[in-house]
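*Asks:* Quick one: the structure is below, questions incoming.
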Amino acid sequence: MKKFPIWSWLMILLGFTYFLLPLIGTLDFSLRILKDQLSLDAYVNVLNAVRFQNTFTYSFTMALWTIVACTLLVAPTAYWVHLKLPHLRPVIEFITLLTFVVPAILLVFGLIRIYSRPPLSLMESEIGSDFLLVMGYVSLALPYMYRAVDNGLRAIDVRTLTEAAQSLGAGWRIILFSVIFPNLRAALLSGAFLTFATVIGEFTIATFLARPAFGPYMANLGQTRPYESTALTIISLALTWASIGMIQLLGRGAQGQLVGTR
Amino acid sequence: MQTTTTLPAPSAPRARAFSFAWLGVVPFFLFAILFLILPSGILLIGSVQNARGEFTLENFGGLFQESIANSYILSLQLSVTTAVVGGIFGFLLAYAAILGGLPRSVRTTLLTFSGVASNFAGVPLAFAFIATLGRLGFVTVLLKDLLGFDLNQTGFSVFGFLSLTLTYIYFQFPLMVLIIAPALDGLKKEWREAAENLGASAWQYWRIVAFPVLLPSILGTMILLFSNAFGAVATAYALTGGNFPLATILIFRQIRGEVLGNPGLGYAVAVGMVIIMGGSLAIYYFLQRKTERWLKQ
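Those protein sequence lines, which keep their order, are chains A and B. Our numbering numbers the first residue of the first sequence as 1 and each following residue consecutively. Our numbering numbers the first residue of the second sequence as 1001 and each following residue consecutively.
What follows is the structure, given as structure tokens:
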């Protein structure tokens, strides 16, 4: 009875063509910096550029801070709400959803308005601007980090684990870091990789906070060095792929993302 | 699932547990107030003030002047088009991979690719499309060499609406695949068997059973895609160099002080966007309620 599913295959073929054509196009372009010859020179140029190294290191560091800050903010809160304040859950969910309603461009608009002048003039110092950047990124990462942790908490018996730890004499620090967090490891890690993929090439917030980040550097390069910028595109694709690959390895399935670098 | 959360706190006496429990969420609320609520609130306040700081609704009247109204319309056109086209394309793909009788590996591959593509956006995505559809782009050259079809002669520009639409769809359809896949998994085999036993054709099963169950998810996801595109800026900015007058790009240039020349009007444009995004999210939640009736995950 089963016939060959020709329409399904055609559809899939179409989908993968759409997915792959721009990637092949970019790869092809990035290899053609020398006339009539394929070469990796564009990659060599980019990787050797001091500004690439600096901006990439900067964005990498900021991504790590974002992951740390977001984890420390979201995981204890979600745990506490699960355990003690379940009636606050809709409020927290509503707050995490604000990020959908206020996209990055509007968020940074408001952040500048508040933090570029007294009484909270964070943007006057480098470190203050870095802090603001990380906080902006935490806002972007909040919804899916929270969802990942919340799903993780639903999958384990928080109350029993907590009580068991308490009856063995554990304090809150031990309960969180030795009992609850290890159980959320997969959820936290997949949230972390998704955050990394979002933040590493983020353009809008970094631009307006005048940070020496990777996203603005990439955009700048695009206007002057077409081959090098396509080489960078391939590099950032590889990073995205690696992050998503890690999430898949963790068994959380592919995650969609609604906020961030767009 | 919910039972653990609704039990009363067993260990400490309830009154004492209650009085200190709120301390645990103070950092979160502090963060939310400082970096989410305050920035959004300041936009709202700015939008109802004039240059002297007095209350006014004039700024919102300014939204109807031609250049601003056109930005909104352009943003709406782009978002609706990419949401509908990307949504349908993504749905058909997910359907083919999950229910189309293909090997399971196709489904896994599709979901991985979708995870990558939906996260591959912003500046690099714009570069990828310039390298593909630009004057000397990969596809442009391919079309000319293989088919003798000159894309550049057709008036197509990689910096125009059609190209931007194609670029947005690149992150829109994978998102549809990712979100709709669980809904397709949720269609119960029994429903199809029951329909077949009652003598329904495949088409009738689809029209009367499956499609009505899936419709709220499809529409809901399309709304998510809409707001996804509506709030986007980096991709369009990098692709067109800021010359494409979307509402987000208008705000981008307003922050740089390049346009409008009236701060209050800039805030009003922002608040107008928040209202549109908030409205679409509300509709999404309404539709999701409907979905949950049938498709419990």
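Note that beta-carbon positions come from the ideal geometry of N, C-alpha and C, so glycine has one too.
Between residue 196 of chain A and residue 67 of chain A, is the Cβ-Cβ spacing less than 8 Å?
*Replies:* Yes.
*Asks:* Excluding sequence positions up to five away, which residues of its chain have a Cβ less than 7 Å from the Cβ of residue 1097 of chain B?
*Replies:* The residues are 1106, 1107 and 1110.
*Asks:* Would you mind telling me which residues of chain B sit closer than 7 Å to residue 191 of chain A, beta carbon to beta carbon, in chain order?
*Replies:* Residues of chain B passing the Cβ test: none, with the nearest at roughly 13 Å.
*Asks:* Please go through the stretch 1021 to 1045 of chain B and give each complete alpha helix (DSSP H) segment of 4 or more residues, from N-terminal end onward.
*Replies:* Counting only runs of 4 or more, we get 1026 to 1032.
*Asks:* For the stretch 26 to 39 of chain A, enumerate the residues whose C-beta is nearer than 8 Å to any C-beta of chain B, in chain order.
*Replies:* Those residues of the stretch 26 to 39 of chain A that come within reach of chain B (Cβ to Cβ, closer than 8 Å) are 26, 28, 29 and 30.
*Asks:* Apart from the five residues just before and just after residue 1272 of chain B, which ones in its own chain have a Cβ nearer than 6 Å to its Cβ?
*Replies:* Taken in chain order, the residues that qualify are 1063.
*Asks:* Which residues bound the alpha helix (DSSP H) around residue 48 of chain A?
*Replies:* 41 to 48 is the extent of the alpha helix (DSSP H) around residue 48 of chain A.
*Asks:* Just verifying my parser: in three-state terms, what is the DSSP assignment at residue 37 of chain A?
*Replies:* Three-state DSSP puts residue 37 of chain A in coil, outside helix and strand.
*Asks:* If you draw a straight line from the alpha carbon of residue 188 of chain A to that of residue 71 of chain A, how long is it in whole angstroms?
*Replies:* Going from the Cα of residue 188 of chain A to the Cα of residue 71 of chain A covers about 7 Å.
*Asks:* Within 10 angstroms of its Cβ, does residue 84 of chain A collect 16 or more other Cβ (buried), or is it exposed?
*Replies:* Buried, since its Cβ has 16 or more Cβ neighbours within 10 Å.
*Asks:* With DSSP as the reference, please indicate the residues paired to residue 1049 of chain B in a beta bridge.
*Replies:* Per DSSP, B:1055.
*Asks:* Look at the Cβ atom of residue 1164 of chain B, then the Cβ atom of residue 1156 of chain B, and state whether they are nearer than 8 Å.
*Replies:* Not closer than 8 Å, so no.
*Asks:* In chain B, which residues lie with their C-beta within 7 Å of the C-beta of residue 81 of chain A?
*Replies:* Ordered by position in chain B, the residues that pass the 7 Å Cβ test against residue 81 of chain A are 1025.
*Asks:* Does the distance from the CB of residue 1123 of chain B to the CB of residue 123 of chain A come in under 8 Å?
*Replies:* In this structure, residue 123 of chain A does not lie closer than 8 Å to residue 1123 of chain B by Cβ.
*Asks:* Identify the contact partners of residue 1277 of chain B in chain A, using a Cβ-Cβ distance below 9 Å as the criterion.
*Replies:* Residues of chain A passing the Cβ test: 100, 101, 102, 103 and 106.
*Asks:* Please look up how many angstroms separate the CB atoms of residue 59 of chain A and residue 200 of chain A, rounded, as I've assumed it's under 8 Å.
*Replies:* Going by Cβ atoms, the distance from residue 59 of chain A to residue 200 of chain A rounds to 5 Å, so yes, they are a contact pair.
*Asks:* With a cut-off of 8 Å, do at least 3 Cβ pairs link the stretch 1245 to 1260 of chain B to the stretch 1199 to 1211 of chain B?
*Replies:* Contact between the stretch 1245 to 1260 of chain B and the stretch 1199 to 1211 of chain B is absent, because fewer than three Cβ pairs lie under 8 Å.
*Asks:* At a CB-CB cut-off below 7 Å, which residues of chain B make contact with residue 230 of chain A?
*Replies:* Within chain B, the residues near residue 230 of chain A are 1127 and 1131.
*Asks:* Taking only beta-carbon positions, decide if residue 168 of chain A is within less than 8 Å of chain B.
*Replies:* Judged by the 8 Å Cβ criterion, residue 168 of chain A is not in contact with chain B.
*Asks:* To the nearest angstrom, how far is the alpha carbon of residue 1075 of chain B from that of residue 1219 of chain B?
*Replies:* For residue 1075 of chain B and residue 1219 of chain B, the distance between alpha carbons rounds to 19 Å.
*Asks:* Under 8 Å Cβ-Cβ, which residues of chain B neighbour residue 248 of chain A?
*Replies:* Near residue 248 of chain A (Cβ distances below 8 Å), the residues of chain B are 1112 and 1115.
*Asks:* Does any residue of chain B have a CB that is nearer than 8 Å to the CB of residue 173 of chain A?
*Replies:* No, residue 173 of chain A does not count as interfacial toward chain B.
*Asks:* On the three-state DSSP scale, how would you describe residue 1292 of chain B?
*Replies:* Residue 1292 of chain B: helix per DSSP, three-state reduction.
*Asks:* Interface residues of chain B around residue 5 of chain A at Cβ under 7 Å?
*Replies:* Within 7 Å Cβ-Cβ: 1100, 1101 and 1102.
*Asks:* Along chain A, in chain order, which residues have C-beta atoms closer than 9 Å to that of residue 1152 of chain B?
*Replies:* Neighbours of residue 1152 of chain B on chain A: none; closest Cβ ~16 Å, over 9 Å.
*Asks:* Do residue 1177 of chain B and residue 1114 of chain B count as a contact pair if the criterion is CB distance below 8 Å?
*Replies:* Yes.
*Asks:* To the nearest angstrom, how far is the alpha carbon of residue 136 of chain A from that of residue 1093 of chain B?
*Replies:* So the two alpha carbons sit approximately 35 Å from each other.
*Asks:* Tell me, please, whether the CB atom of residue 22 of chain A is closer than 8 Å to any CB atom in chain B?
*Replies:* Residue 22 of chain A counts as touching chain B.
*Asks:* Could you tell me which chain B residues have their CB closer than 7 Å to the CB of residue 219 of chain A, listed as they occur along the chain?
*Replies:* Those within 7 Å of residue 219 of chain A in chain B are 1123 and 1238.
*Asks:* List, in order along the chain, the chain A residues whose C-beta lies closer than 7 Å to that of residue 1222 of chain B?
*Replies:* Under the 7 Å cutoff, chain A gives no residues; its nearest Cβ is about 13 Å from residue 1222 of chain B.
*Asks:* Tell me where the alpha helix (DSSP H) around residue 1063 of chain B begins and ends.
*Replies:* Counting along the chain, residue 1063 of chain B falls outside any alpha helix (DSSP H), and DSSP gives it neither H nor E.
*Asks:* Could one say the Cβ of residue 1096 of chain B lies closer than 8 Å to chain A's Cβ atoms, at least one of them?
*Replies:* Yes, residue 1096 of chain B counts as interfacial toward chain A.
*Asks:* Take residue 1160 of chain B as the anchor and find which of B:1282, B:1231, B:1126 and B:1181 has the nearest alpha-carbon.
*Replies:* Residue B:1126 is the option with its Cα nearest to residue 1160 of chain B.
*Asks:* Per the contact definition of three or more C-beta pairs closer than 8 Å, is the stretch 1176 to 1193 of chain B in contact with the stretch 1239 to 1259 of chain B?
*Replies:* With a cut-off of 8 Å, the stretch 1176 to 1193 of chain B and the stretch 1239 to 1259 of chain B do not count as touching, because too few Cβ pairs lie within range.
*Asks:* Run through the stretch 1071 to 1150 of chain B for me and flag every whole alpha helix (DSSP H) of 4 or more residues, listed as ranges in chain order.
*Replies:* Qualifying alpha helix (DSSP H) stretches, in chain order: 1104 to 1119, 1123 to 1133 and 1138 to 1147.
*Asks:* Helix, strand or coil for residue 130 of chain A per DSSP?
*Replies:* Residue 130 of chain A falls in the helix class under three-state DSSP.
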